[in-house]
Amino acid sequence: MESLINFVENEFISKKELPEFSAGDTITVYYEIKEGEKTRTQFFKGVVIQRRGSGATETFTIRKMSGTIGVERIFPINLPALQKIEINKKGKVRRARIYYFRGLTGKKARIKEVRS
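Written out as structure tokens, the structure is:
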């Protein structure tokens, strides 16, 4: 049964060419928003908290600070409205899911940058 599900996912779900990113990276996600009959592109720039799942059901969570309030958004990798992803900084973290980042403020909330 599981092989049948994998077969259907691979055949019918279109793969997008997205850059490699992981937890700790700062990325900008451009996605399409429909308001009535109009469509516009909006972006969300923040730090990747986690990547979860595999195949068609893979998602990633981004966290940004809007003033003093933290805003998190979960994006599916195969979201049709997703236009592009830009990697702004590669971060060096020791965890795959950096939930502890939610509790940090000020200088403690910095992530070391990996120079490439």
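According to the working numbering, the sequence shown is numbered sequentially starting from 1.
We treat Cβ as the ideally placed atom computed from N, Cα and C, and that holds for glycine.
Remember, predicted model here, so these are calculated numbers, not experimental data.
- Going by DSSP, Glu58 is part of no beta strand (DSSP E) at all; its letter is neither H nor E.
- In the DSSP annotation of this structure, the continuous segment of the beta strand (DSSP E) that includes Asn88 starts and ends at 82 to 89.
- When secondary structure is reduced to three states using DSSP, Ser3 falls in the helix class.
- For the set Asp25, Lys107, Phe43, the Cα lying nearest the Cα of Ala81 is the one of Phe43.
- For Glu20, no beta strand (DSSP E) segment is defined, and its DSSP state is neither H nor E.
- A check of alpha carbon separations from Thr57 across Ile69, Asn6, Glu11, Pro76 identifies Pro76 as the nearest.
- Taken atom to atom, the span from the alpha-carbon of Thr26 to that of Ser3 is near 35 angstroms.
- Counting other Cβ atoms within 10 Å of its Cβ, Ala23 reaches 16 or more and is therefore classed as buried.
- Take Tyr30, set aside five residues on each side of it, and the residues of its chain with a beta-carbon closer than 6 angstroms to its own are Thr41, Phe43, Gln83, Lys84, in chain order.
- Secondary structure at Gly53: coil, using DSSP grouped into helix, strand and coil.
- DSSP places Gly46 within a strand segment (E or B) once states are collapsed to three.
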